[in-house]
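Each residue of the sequence shown is one higher than the one before, starting from 23 at the first, in our numbering. Think of the CB as a built atom: it goes at the ideal place given N, C-alpha and C, for glycine as much as any other residue. From a predicted model like this one, the values you see are computed outputs, not experimental measurements. This report concerns only the one structure given below.
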Amino acid sequence: MPLPPEQPRRVGVFGGTFDPPHVGHLVTAVNVRHELDLDVVIMMVANIPWQKDGTRLISPAGDRLAMVEAAVAEVDGLVAGSHEIAAGGPSYTADTLVALRASDPHVDLFTIVGADAANGFDTWERSDEVAALSTLVVVDRPGSRTDPPQPATGEWIRVEVPHLEVSSTDLRARVVDGRPLDFLVPSAVRQVIVERGLFSEGR
Ligand code: ATP
Ligand code: MG
Numbered sequence: 023m024p025l026p027p028e029q030p031r032r033v034g035v036f037g038g039t040f041d042p043p044h045v046g047h048l049v050t051a052v053n054v055r056h057e058l059d060l061d062v063v064i065m066m067v068a069n070i071p072w073q074k075d076g077t078r079l080i081s082p083a084g085d086r087l088a089m090v091e092a093a094v095a096e097v098d099g100l101v102a103g104s105h106e107i108a109a110g111g112p113s114y115t116a117d118t119l120v121a122l123r124a125s126d127p128h129v130d131l132f133t134i135v136g137a138d139a140a141n142g143f144d145t146w147e148r149s150d151e152v153a154a155l156s157t158l159v160v161v162d163r164p165g166s167r168t169d170p171p172q173p174a175t176g177e178w179i180r181v182e183v184p185h186l187e188v189s190s191t192d193l194r195a196r197v198v199d200g201r202p203l204d205f206l207v208p209s210a211v212r213q214v215i216v217e218r219g220l221f222s223e224g225r
């Protein structure tokens, strides 16, 4: 009997600086994976987040990857992506999608962004290529509205996720002030922050 045709792998790409990763990222990733029946969501760690470069100190890519690895270690279907770090230079989602497609020509790609990132989508390097290579997925984020979703062109899937008003910016300030990170980041992420002395000099 012939084998059934293989279904393409459905892969979500959730890019970020993840400095540090937090529950807002994780709740988004697991819920989008569930709603869209994705095989895996890659939390893709930007090597040089070019839109943030020069605006503040950014932790070394290796430290951010270690935090994301700690964050996903016990979560089914989430993985830490080191592709952009391995590629080096400024990180463009278009390049990352091309590389993922090259390694698996049949893959079905989904680019996942929060509302603030979706609103800036037109400023992304080769955003037309990102839209052509993947299905665009937006989630709401407290403080940012995408009504109507931006950009006006292109098709966006909106996925409802719990609205969590958590940001890496606030978490970095918490470390500086000595305020608690508990329940805002997994304890394994907190451990990496403490062990590596991240954020303590202020960002
Ligand atoms: P920073 O404050 O340093 O900008 P951040 O919390 O915004 O950090 P990023 O690494 O910039 O985190 O974001 C990566 C992706 O995660 C973006 O698409 C962003 O919109 C999304 N995101 C971040 N926080 C949340 C949240 N609380 N809810 C939903 N999406 C989020
Ligand atoms: Mg951000």
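Within the stretch 100-182, complete alpha helix (DSSP H) segments of at least 4 residues are found at 105-109, 115-125, 137-141 and 149-155, given in chain order.
Within 8 Å of the C-beta of Ile215 there is not a single heavy atom belonging to the ligand ATP.
Judged by DSSP secondary structure, Val216 falls within the alpha helix (DSSP H) whose first and last residues are Ser209 to Arg218. Ranked by Cα distance from Glu223, the first of Arg212, Asp204 and Arg196 is Arg196. Pairing Val120 with Glu91 gives a Cβ-Cβ distance that is not under 9 Å. Leu48 places its beta carbon 9 Å or farther from that of Val101. With contacts defined by Cβ atoms closer than 9 Å, Gly136 and Thr50 form a contacting pair. Judged by DSSP secondary structure, Val67 falls within the beta strand (DSSP E) whose first and last residues are Val62 to Val67. Taken through DSSP and simplified to helix, strand or coil, Asp192 comes out as helix.
One alpha carbon belongs to Ile80, the other to Ala88, and they sit about 14 Å apart. Setting aside the 5 residues that flank it on each side, Ile107 is surrounded in the same chain by Val67, Asn69, Ala83, Gly84 and Leu87, each with a C-beta closer than 8 Å to its C-beta; the list follows chain order.
Per the DSSP secondary-structure output, Ile80 pairs with nothing in a beta bridge. Within the model, the alpha-carbon separation for Val198 versus Gln29 is close to 48 Å. In the structure shown, Arg31 adopts coil according to DSSP, grouped into three states. Arg201: not part of any alpha helix (DSSP H); DSSP gives it neither H nor E. DSSP places His56 in the uninterrupted alpha helix (DSSP H) bounded by Val45 to Leu58.
Using a Cβ distance threshold of 9 Å, Ser113 and Trp178 do not count as a contacting pair. Taking all protein chains shown into account, Gly219 has fewer than 16 neighbouring C-beta atoms within 10 Å of its C-beta and is therefore exposed. Exposed is the label assigned to Gly110, since fewer than 16 other Cβ atoms lie within 10 Å of its Cβ. The set of residues whose C-beta lies within less than 6 Å of a heavy atom of the ligand ATP reads, in chain order, Gly38, Thr39, Phe40, Asp41, Gly46, His47, Thr50, Val135, Gly136, Asp138, Ala139, Val161, Arg163, Leu186, Val188, Ser189, Ser190 and Thr191.
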